[in-house]
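Presented below is the structure to which this report refers.
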Amino acid sequence: MSREYAELVDNFEAKKIVCPLPIPWNKLVIFLKSTKQLKMYPVERGHGVHVANPLILAGWGASDLAKWKRFKLHLKEADDMGVLYLAEEFLDKLESKDFLWSEGGLSDVSAWDIEKISIKAVEKVQAEALPWIETVLHLNLEDRYHYDPDRLYEIFKSHGFFGGYEPSVSDAKNLATVEALRNANKIYNKQADMVDGAKELDDFCDALLNLKIRLRR
0 MSREYAELVD
10 NFEAKKIVCP
20 LPIPWNKLVI
30 FLKSTKQLKM
40 YPVERGHGVH
50 VANPLILAGW
60 GASDLAKWKR
70 FKLHLKEADD
80 MGVLYLAEEF
90 LDKLESKDFL
100 WSEGGLSDVS
110 AWDIEKISIK
120 AVEKVQAEAL
130 PWIETVLHLN
140 LEDRYHYDPD
150 RLYEIFKSHG
160 FFGGYEPSVS
170 DAKNLATVEA
180 LRNANKIYNK
190 QADMVDGAKE
200 LDDFCDALLN
210 LKIRLRR
């Protein structure tokens with residue numbers, strides 16, 4: 000590891016720069032791959048060389064800490080090949096808007112971690128509807144149809160429930176079913192306001208029966 004590499008890394012850390020944004024980061028990696036190819040196979044094309052991909056596209060959801068480590072790895076590649084000064088020249092020409100910045104310490108929480116937490120929160124709310132749905136299923140369907148979301152959705156529709164709305168008058172002949180649907184519908188509306196909640200009633204039915212299966216394993 001050269002002194003220049005250590006100074007460059009310290010400089011980025013002091014500025015709280017995580018990594019370049021996807022387009023300039025990809026350009027940097029293309030440069031590294033081309034340089035490595037020429038150094039390893041100067042006459043013929045030879046075999047493909049490996050440089051770790053930048054965490055862009057699907058990888059952009061990685062944590063800031065993971066992105067910073069990958070960016071440092073690319074700087075180390077440039078240092079090892081003796082072209083760190085060229086990489087630094089490229090980075091110096093970028094504007095502040097071309098970098099991802101951290102507001103404080105580097106988080107090791109990825110977008111996927113946040114999504115998992117959000118989904119778990121939604122499922123916790125959805126689970127509140129399961130006792131009411133069980134009542135609806137037992138009152139209206141044979142056991143073999145208790146995991147059919149389309150039939151559950153049809154029960155909601157046939158009693159006047161759609162898009163979060165519910166009938167203003169209860170069906171006296173099916174009072175137990177309607178009241179169970181009303182309670183389940185309240186939970187549908189509650190979870191629909193959450194980021195990862197089911198926004199459509201038919202999706203809610205599907206999510207509930209899938210959740211029911213998972214909870215019984």
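Oh and the sequence shown: position 69 is 68 in numbering that gives the first Met the number 0, straight run, nothing missing.
Ideal Cβ placement from N, Cα and C applies to all residues, glycine included.
Residue i (DSSP reduced to helix, strand or coil)
| i | result |
| --- | --- |
| residue 99 | strand |
| residue 160 | coil |
| residue 17 | strand |
| residue 180 | helix |
| residue 107 | coil |
| residue 23 | helix |
| residue 9 | helix |
| residue 199 | coil |
| residue 215 | coil |
| residue 191 | helix |
| residue 124 | helix |
| residue 61 | coil |
| residue 28 | helix |
| residue 33 | helix |
| residue 3 | helix |
| residue 169 | coil |
| residue 76 | helix |
| residue 94 | coil |
Start and end residues, beta strand (DSSP E) containing residue i
| i | result |
| --- | --- |
| residue 55 | Premise fails: residue 55 is in no beta strand (DSSP E) and is neither H nor E. |
Interface flag, residue i vs chain C, CB-CB below 8 Å
| i | result |
| --- | --- |
| residue 95 | In the structure shown, chain C does not exist; there is a single protein chain. |
8 Å contact criterion, which residue i and residue j should meet: CB distance rounded
| i | j | result |
| --- | --- | --- |
| residue 80 | residue 38 | 6 Å |
| residue 121 | residue 9 | Not quite, the Cβ-Cβ distance comes to about 43 Å (not below 8 Å), so this is no contact. |
| residue 18 | residue 70 | 4 Å |
| residue 148 | residue 205 | 4 Å |
| residue 74 | residue 83 | 7 Å |
| residue 152 | residue 201 | 5 Å |
| residue 54 | residue 61 | 5 Å |
| residue 135 | residue 190 | So it is not a contact: roughly 17 Å between Cβ atoms. |
| residue 128 | residue 183 | 4 Å |
| residue 214 | residue 175 | The Cβ separation is near 23 Å, so there is no contact. |
| residue 210 | residue 126 | 6 Å |
| residue 78 | residue 4 | 4 Å |
| residue 48 | residue 35 | 4 Å |
| residue 76 | residue 50 | 6 Å |
| residue 263 | residue 208 | Since the displayed the chain opens at 0 and closes at 216, residue 263 lies outside it and no answer follows. |
Residue i: first and last residue of the uninterrupted alpha helix (DSSP H) it sits in
| i | result |
| --- | --- |
| residue 130 | 129 to 139 |
| residue 146 | Here residue 146 belongs to no alpha helix (DSSP H), and DSSP marks it neither H nor E. |
| residue 88 | 83 to 91 |
So, do the stretch 19 to 36 and the stretch 107 to 120 have three or more beta carbon pairs nearer to each other than 8 Å? no
For the stretch 85 to 100 against the stretch 156 to 168, are there 3 or more C-beta pairs whose distance is under 8 Å? no
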